[in-house]
Amino acid sequence: MLTALGALTLQAQGATGRITGRITDKEGGTPVDGAQVLVEGTNVGALTAADGRFTVTGVPAGLHQIRIIRIGYQSARLETTTRSGQATTLDVVLTKVPFQLEAVVSTATGQQLTRELGNSIAKVDVSSLVKELPITSMEDVLNGRLAGVSMLSSSGSVGGGARIRIRGISSASLSNDPLIIVDGVRMDNSSPALGGAIGTGAPSMMNNLNPEEIESIEVVKGPSAATLYGTQAANGVIVVTTKKGRAGPAQWRVFSETGRSNDLNEYPKTYFNAGKTLAGAPTMCLQWMAAAGTCTVTQTHEADYLNQSATTPFATGHRQAQGFQVSGGTELARYFASADISDERGVLKMPDSQVDALLKERGVSEIPLNQMYPNQQKKKNVRVNLGAQLSPNAELSVNLGYVNGWLLLPQTGDNLSGVIGSALFGSPNPAAPNAWGFAPPKDGLAKEVSRATNQFLNSATLLYRPFTWLSTKATAGMDWLAYDNMVNIANGQGSAFSANDREGLRTIDRWNSLRQSVDLNAASSFNLTGSLTSKTAVGVQWNKDRRAGTLNSSRVLPPGGVTIDAGANKTSSELTIEIASFGVYMEQTVGWQDKLFVTGALRRDQNSSFGGDFGAILYPKATVSWVAMENPDAKWIKQLRFRGAFGQSGQQPGVTAAITYLNPATTSLYGKGDVPAVSFGALGNTNIKPERSSETELGFDLSAIDNRVSLRATYYDKKTTDALVNRPLPGSLGAGAARIENVGVVTNRGFEVSAQARVLDRDNFQWDVGLEASTNKNKLESLADGIPPLTGFGYQNRPGYPLFGLWWPKLVSYKDANSNGTIEQGEVVVTDTAVFIGSTIPDKNLSLSSTIGLLHNRLRISGMLDFRGGFVSHNINGLFTCAFMSNCAALNVKGYDLGEQAKAVAGPRAFGAYGEKADFFRLREVSVSYDLSPTWAAKMKARGASVSLSGRNLGLWTEFTSWDPEGVTGGGDASNYNMALVGQPRTFALRINLNY
């Protein structure tokens with residue numbers, strides 16, 4: 001083994017010295033804090049403090065190469081000699097550059113230089129974003145900032161969830177969410193549906209993370225990079241690093257933010273054509289009916305409930321947030337602490353006319369606040385991160401995070417109580433008993449659905465270097481999450497259309513989730529020769545997940561009753577899920593002349609979800625990185641690096657897929673009444689194994705023109721085998737309808753480009769532009785013989801097509817044959833079976849960003865334009881109003897657009913007529929930030945101050961005929977349709993930051 005050879009050349013443990021020094025900026029001589037000082041060929045290093053000073057202890061005596069890296073500066077590599085028991089002084093001056101390829105990133109084996117990696121890892125500097133941009137959630141942090149990472153929003157409601165998809169989707173039956181790791185501990189990102197229908201997807205637990213507390217986010221995009229994370233990492237890994245304290249006096253930061261949001265979408269009117277039959281009887285008379293001669297239109301009635309002031313459910317939303325952070329310490333003990341609170345109210349409200357009606361109906365003087373404003377979120381975040389130098393070769397860090405949240409979600413989407421749907425699907429017919437479609441808002445908004453959350457995310461890491469060449473690390477932690485999903489409907493309130501709601505309902509689904517993580521690893525580094533280096537890492541990981549829930553519901557409440565006990569009809573059940581995994585890995589990297597790096601690795605995993613007859617699985621990895629050109633003094637090409645990687649990772653089966661089990665039941669026996677019984681649950685598969693994803697990645701990184709241009713390009717080819725699918729079972733077997741088996745193959749291929757350029761660079765004017773672009777081609781390649789296509793509402797997983805594509809009978813053609821300006825029933829042609837309409841996941845993503853710096857960069861103006869393309873969305877808003885309610889303009893307004901008429905006429909037979917191209921451009925964000933002068937800061941007793949004004953979702957350009965193509969009612973990959981959702985609101989935020 002290479003490390004054994006290197007060990008023969010080592011000096012004794014006691015022959016060490018230390019390196020001290022100070023790092024400053026070349027232009028102004030100011031200290032550079034947060035710079036990483038690395039001693040090559042060893043596992044020792046340090047971070048500079050606020051005054052730019054650093055101390056590296058335990059440096060072997062002899063000649064060393066020292067590498068210094070800091071974002072925004074040209075990396076430096078210097079030579080110095082240390083002597084046993086003595087201190088060597090090394091003061092370094094760094095030069096600012098627009099962009100820098102060199103960085104230190106977190107991997108499963110520890111921190112590594114990007115030049116050593118054969119795969120791409122994208123990084124976001126979160127701490128700088130939140131100061132200036134309209135960042136209110138983790139989704140805002142990631143949206144549009146990284147090539148290959150797609151954020152798919154479910155709606156514009158406050159607290160609404162979004163799907164994160166990295167390099168497409170790979171599974172037809174398992175989650176396609178990435179693994180999230182916070183300070184070395186896996187975080188629970190799943191979210192069971194709320195106990196009461198809200199008409200859209202569940203909120204994302206990832207938004208429990210507070211962007212204010214985060215230093216950086218790194219995204220490991222695919223199996224080629226995620227091999228060592230094991231059987232949960234096939235969908236990519238998001239590595240979150242929270243802020244840490246640095247040696248120096250206490251540094252305080254206080255912020256306050258206020259904002260407002262509005263819904264600027266243009267919503268359709270509804271129509272009713274009153275008419276007469278040929279016999280003179282009153283009837284509804286659509287334009288195609290009139291054209292066919294079966295009736296005549298006497299009057300067209302219209303309503304504009306969603307836009308008129310008295311009936312609109314939209315108002316101005318508000319957000320307030322305040323917080324503080326403090327960090328500091330000494331070389332021996334460091335600390336970071338933060339706390340903040342936020343209070344946000346969405347754009348929905350009870351319409352004024354409904355408030356008046358409800359006050360009269362209930363005989364009260366006011367309406368409960370949660371019914372007046374049905375979308376609210378309140379959060380409190382606290383974090384304390386501590387670091388201690390236990391000895392010259394031992395460090396301990398402890399990270400403690402807590403969040404308390406409450407979220408009230410509105411009734412929208414595919415929902416009989418939905419406030420938008422009720423307005424959209426109503427009738428302007430003066431004779432109609434109810435102008436609203438289903439439940440009037442005064443009834444629908446009486447149903448309160450909320451979630452109360454408490455989460456502790458804690459970890460401890462002990463770093464011990466027994467020798468200068470050997471570093472060991474132990475990380476242990478847990479993500480403890482407790483949340484209550486609650487539904488309240490008082491007796492006499494709620495929707496009459498929903499089952500027994502007006503009799504009263506109280507639901508409490510109480511969940512407790514515990515994710516435990518233990519990660520032990522050791523890494524050795526050697527200079528085998530003057531040009532050959534070796535790094536070896538071995539590790540062990542143990543993870544255990546447990547989620548337990550009690551689901552409790554009570555109906556038929558007495559007047560005034562608000563508790564479970566008060567209900568006449570009660571139901572209760574329990575659910576417990578446990579999964580444990582154990583993995584071991586080894587990685588070997590060989591470097592030559594600090595330019596060529598070759599890595600090989602292997603991981604072995606065992607998991608409680610694997611079939612008993614399967615055993616363990618092996619995941620291999622191999623990468624190569626070659627720095628072909630590197631010259632810090634060159635004007636044109638500073639650095640050119642080629643890279644390639646192959647790796648495998650997996651996705652564990654469902655917790656019960658491997659076992660045969662029975663379900664509890666209650667049955668009645670003659671003379672004995674109800675007695676306990678069991679029914680057959682499912683036939684387990686003892687050979688079941690994880691889905692295995694293999695990925696090949698090729699790319700290059702380029703820095704040119706005095707570091708004013710940075711370009712990263714990547715091609716990836718990912719193939720998922722052993723995809724888990726339900727295989728139908730013959731009824732004669734008596735073992736259930738289906739069994740989960742490994743029978744599918746899915747592929748994802750695409751390109752990613754990340755580019756940055758400083759177009760102009762003057763003392764008082766700087767202009768940076770950025771591009772993040774990616775493509776993805778997803779396809780279900782095959783299913784085993786005898787497996788039919790997997791189908792659901794509006795989708796099919798069929799070989800040769802993308803997963804969860806939109807499938808419906810569709811409109812083929814139309815023609816106004818008699819040129820009367822009206823499309824009639826016989827003038828449309830539709831398919832008689834479901835056909836493929838398009839992918840429901842964007843296969844093209846592009847974001848353009850621009851930042852202008854003025855007045856020596858004290859004034860900064862930035863913006864981002866976001867594009868999503870190559871996908872369709874099922875416009876159920878149009879389908880429902882036209883095909884089912886017959887209240888749309890296309891059916892009632894004479895001379896309306898022929899294409900829209902054809903869709904409306906064909907809709908009842910061809911739902912796919914409303915499967916529409918959903919490509920869009922959105923002006924995602926714009927911000928203006930200004931650093932106040934020291935004089936103004938001093939007036940606030942601060943050493944520094946800045947103020948920013950930012951806006952989000954400021955413009956939308958699309959051919960999609962409904963109001964927002966980003967809406968996904970189900971919130972998941974399957975049954976992807978857009979129905980009666982809150983669109984993305986336009987938001988503005990004003991923020992002030994004070995530093996002390």
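In the numbering used here, the protein residues as written are 1 to 996. Each residue gets a CB set at the ideal place from its N, CA and C atoms; glycine is no exception. Note that the structure is predicted; figures quoted are calculated from it, not measured.
Legend entry - First and last residue of the uninterrupted alpha helix (DSSP H) at Glu116: First-last for Glu116: undefined, no H or E at that position.
Legend entry - Selected residue, minimal CA-CA separation from Ser216, among Ala431, Val141, Ala677 and Gly159: Val141
Inset, instruction - For the beta strand (DSSP E) holding Glu266, just list the boundary residues, first then last. - result: From DSSP, Glu266 is part of no beta strand (DSSP E); its letter is neither H nor E.
Legend entry - Cα-Cα separation, Glu587 to Asn119: 15 Å
Inset, instruction - Identify, in the order they occur along the chain, each residue of the same chain with its Cβ nearer than 8 Å to the Cβ of Val829, setting aside the five sequence neighbours on each side. - result: Leu811, Val812, Ser813 and Tyr814
Legend entry - 8 Å contact criterion, which Ile121 and Ile180 should meet: CB distance rounded: That pair is no contact at about 15 Å.
Inset, instruction - Could you name each continuous alpha helix (DSSP H) segment of 4 residues or more that falls completely within the stretch 904-958, going from the start of the chain to the end? - result: 934-939
Inset, instruction - Quick one: grab the DSSP three-state call for Glu366. - result: coil
Legend entry - Coil, strand or helix - Leu386 by DSSP: strand
Legend entry - Residue from Asp443, Leu348 and Ala388 with nearest C-alpha to Leu409: Leu348
Inset, instruction - For Leu209, count neighbouring Cβ atoms within 10 angstroms of its own Cβ and tell me buried if that reaches 16, exposed if not. - result: buried
Legend entry - Collapsed DSSP secondary structure at Leu520 in the structure displayed: strand
Inset, instruction - Decide if His1045 is buried, meaning its Cβ has at least 16 other Cβ atoms within 10 Å, or exposed. - result: Here the chain has residues from 1 to 996 only, and residue 1045 is not among them.
Legend entry - Bridge partner(s) assigned by DSSP for Phe54: Gly21
Legend entry - Contact under 8 Å by Cβ, Val398 with Asn381: no
Legend entry - Buried versus exposed call for His64 [16 or more other C-beta atoms within 10 Å across all chains shown]: buried
Legend entry - Identity of the residues DSSP links to Ile659 by a beta bridge: Partner(s): none; Ile659 has no beta bridge.
Inset, instruction - Please name the residue, chosen from Leu575, Thr822, Val32 and Val725, that lies closest to Ser782 on a Cα-to-Cα basis. - result: Val725
Legend entry - Reduced DSSP category for Glu132 - H, G, I as helix; E, B as strand; rest coil: coil
Legend entry - Cβ contact check for the stretch 641-652 and the stretch 688-707: 3 or more pairs under 8 Å: yes
Inset, instruction - Decide if Asp33 is buried, meaning its Cβ has at least 16 other Cβ atoms within 10 Å, or exposed. - result: buried
Inset, instruction - Give me the Cα-Cα distance between Asp613 and Tyr661, rounded to the nearest whole angstrom. - result: 17 Å
Inset, instruction - Would you please state the rounded distance, in angstroms, between the beta carbons of Pro313 and Ala423? I believe it to be under 8 Å. - result: 7 Å
Legend entry - Close-in-space but distant-in-sequence residues of the same chain around Gly770 (CB under 6 Å, 5 per side omitted): Gln756 and Ser849
Inset, instruction - Give the range of the beta strand (DSSP E) segment to which Ile214 is assigned. - result: Ile214 to Val220
Inset, instruction - Identify every residue that forms a DSSP beta bridge with Thr88. - result: Ile19
Inset, instruction - Please determine if the stretch 623-635 and the stretch 716-724 are in contact, where contact requires at least 3 C-beta pairs separated by less than 8 Å. - result: no
Inset, instruction - Look at the alpha carbon of Arg727 and the alpha carbon of Ala658, and state the distance between them as a whole number of angstroms. - result: 14 Å
Inset, instruction - Under 8 Å Cβ to Cβ from Ala12, same chain only, skipping five residues before and after it: list those, please. - result: In this prediction, Ala12 scores a pLDDT of 38, lower than 50, which makes its location untrustworthy; no coordinate-derived value is stated.
Legend entry - Given Trp626 as reference, the closest of Glu266, Asp594 and Lys638 once Cα atoms are compared: Asp594
Inset, instruction - Locate the beta strand (DSSP E) running through Ala889, then write down its first and last residues. - result: Counting along the chain, Ala889 falls outside any beta strand (DSSP E), though it belongs to the alpha helix (DSSP H) covering Ala889 to Asn892.
Legend entry - Stretch-stretch touch, CB-based, cutoff 8 Å, three pairs: the stretch 665-673 with the stretch 238-255: no
Legend entry - N-terminal and C-terminal residue of the beta strand (DSSP E) that Asp761 is part of: Ala738 to Asp761
Legend entry - Distance CB(Asp545)-CB(Gln493) smaller than 8 Å: no
Legend entry - Residue from Thr599, Ala568, Asn488 and Val584 whose Cα sits closest to the Cα of Val562: Asn488
Inset, instruction - Going by CA-CA distance only, name the one from Tyr996, Gly983, Ile992 and Leu994 that's closest to Ser155. - result: Gly983
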